[in-house]
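What follows is a single structure, written as structure tokens, with notes after it.
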Amino acid sequence: DGGITQSPKYLFRKEGQNVTLSCEQNLNHDAMYWYRQDPGQGLRLIYYSQIVNDFQKGDIAEGYSVSREKKESFPLTVTSAQKNPTAFYLCASTRTKHTEAFFGQGTRLTVV
Amino acid sequence: AQSVTQLGSHVSVSEGALVLLRCNYSSSVPPYLFWYVQYPNQGLQLLLKYTSAATLVKGINGFEAEFKKSETSFHLTKPSAHMSDAAEYFCAVSEASGYSTLTFGKGTMLLVSP
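Protein chains in written order, with the numbering used here: chain A, 1 to 112; chain V, 113 to 226.
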């Protein structure tokens, strides 16, 4: 079945460490997105990519980095510069602009 | 700039009662509008979408929403709530020109009591 796979589902990180969240899709979608979800805050856009080797900052990109070397993959690195990284992270993709987004199951990151 | 306001962070209904979740949007150009549902510790699932065709949109699980341009609203309704409808619901907007990403509201938690 086509879909978006995020891994791992739960992730624990020590302060000062970088960590990478994986997102893979087999929907042949052009655009991919990373959102951060905090209780009562809705979803906030971190980064997005419309084509391979190109990506744009979203509303809260500070402390995060991404790459898009393959159409299917859009990993997110949470760096030590991110001051409050504990959150639920969601990856999504869209076939073209303005079509509905398909979401992965999320990764819950906890800093310990 | 586009934005979404969902009125009420929590809505409580009894099983069998009408569900009404409110969404108002702001957009400088004609919008595309979406409703998503999220169950605990899961991703978002599309309920329905408005893309400038019929103003009354029917979705999955008996939900529907009506686009009202004059009120800049896209409220979600279901005639009879079921226990399985208890979840968080998000309204989202995308502007229909250029390339714009989805902007989400802060969500409404629907609580259903027996």
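Note that CB positions come from ideal geometry on N, CA and C, so glycine has one too.
Compare the C-alpha of residue 46(A) against each of 21(A), 30(A) and 27(A) and name the closest. Taking the first residue of the first sequence as 1, we reach residue 46(A) at position 46. Nearest option by C-alpha distance: 21(A).
By the three-class DSSP mapping on this structure, what secondary structure does residue 30(A) have? Indexing the first sequence from 1 puts residue 30(A) at position 30. Coil.
Residue 73(A) vs residue 18(A) beta-carbon contact at 8 Å: Here residue 73(A) refers to the residue found at position 73 of the first sequence. Here residue 18(A) refers to the residue found at position 18 of the first sequence. In this structure, residue 18(A) does not lie closer than 8 Å to residue 73(A) by Cβ.
From residue 29(A) to residue 54(A), what distance separates their C-alpha atoms? Position 29 of the first sequence, counted from the first residue, corresponds to residue 29(A). Position 54 of the first sequence, counted from the first residue, corresponds to residue 54(A). Taken atom to atom, the span from the alpha-carbon of residue 29(A) to that of residue 54(A) is near 14 Å.
Neighbourhood of residue 66(A) by C-beta distance below 6 Å, restricted to the same chain and skipping five residues each side: Here residue 66(A) refers to the residue found at position 66 when the first sequence is read from its first residue. Here the set comprises 47, 55 and 76.
Starting from residue 54(A), follow its DSSP beta bridges and name the residues at the other end. The residue labelled residue 54(A) in the question sits at position 54 within the first sequence. Listed as beta-bridge partners of residue 54(A) by DSSP are 51(A).
In three-state DSSP terms, what is residue 42(A)? In the first sequence, residue 42(A) corresponds to position 42, counting from 1. Strand at residue 42(A).
Going along the chain, which residues of its own chain have a beta-carbon closer than 6 Å to the beta-carbon of residue 32(A), five neighbours each way excluded? Locating residue 32(A) in the first sequence gives position 32, counting from the first residue. Counting only Cβ-Cβ distances below 6 Å, and skipping sequence neighbours, we find 49, 74 and 93.
When you compare the CB of residue 61(A) with every CB in chain V, is at least one pair closer than 8 Å? As a working note, residue 61(A) is residue 61 in the first sequence. With its beta carbon at least 8 Å from every one in chain V, residue 61(A) lies outside the interface.
When the Cβ atoms of the stretch 157-166 of chain V are set against those of the stretch 115-133 of chain V, are three or more pairs found closer than 8 Å? Too few Cβ pairs lie closer than 8 Å, so no.
Please report whether the beta-carbon of residue 25(A) lies at a distance below 8 Å from any beta-carbon of chain V. Walking along the first sequence from the start, residue 25(A) turns up at place 25. No - not a single Cβ of chain V is within 8 Å of the one on residue 25(A).
Backbone CA spacing between residue 308(V) and residue 114(V) [nearest angstrom]: Residue 308(V) is absent from the model: chain V starts at 113 and stops at 226.
Among residues of its own chain, excluding the 5 on either side of residue 137(V), which ones have a beta-carbon nearer than 8 Å to its beta-carbon? Counting from 1 along the second sequence, the entry for residue 137(V) is found at position 25. Around residue 137(V): 114, 115, 116, 117, 143, 145, 184, 185, 186, 203 and 205.
Quick check on residue 136(V): does DSSP put it in helix, strand or coil? One-based indexing of the second sequence puts residue 136(V) at position 24. Residue 136(V): strand per DSSP, three-state reduction.
By Cβ distance, which residues of its chain are closer than 6 Å to residue 95(A), with the 5 residues on each side in sequence left out? One-based indexing of the first sequence puts residue 95(A) at position 95. Within the same chain, and ignoring the five residues on either side of residue 95(A) in sequence, the residues whose Cβ sits closer than 6 Å to its Cβ are 29.
Under 8 Å between C-beta atoms, does residue 121(V) make it to chain A? Here residue 121(V) corresponds to residue number 9 of the second sequence, with the count starting at 1. Closer than 8 Å: yes.
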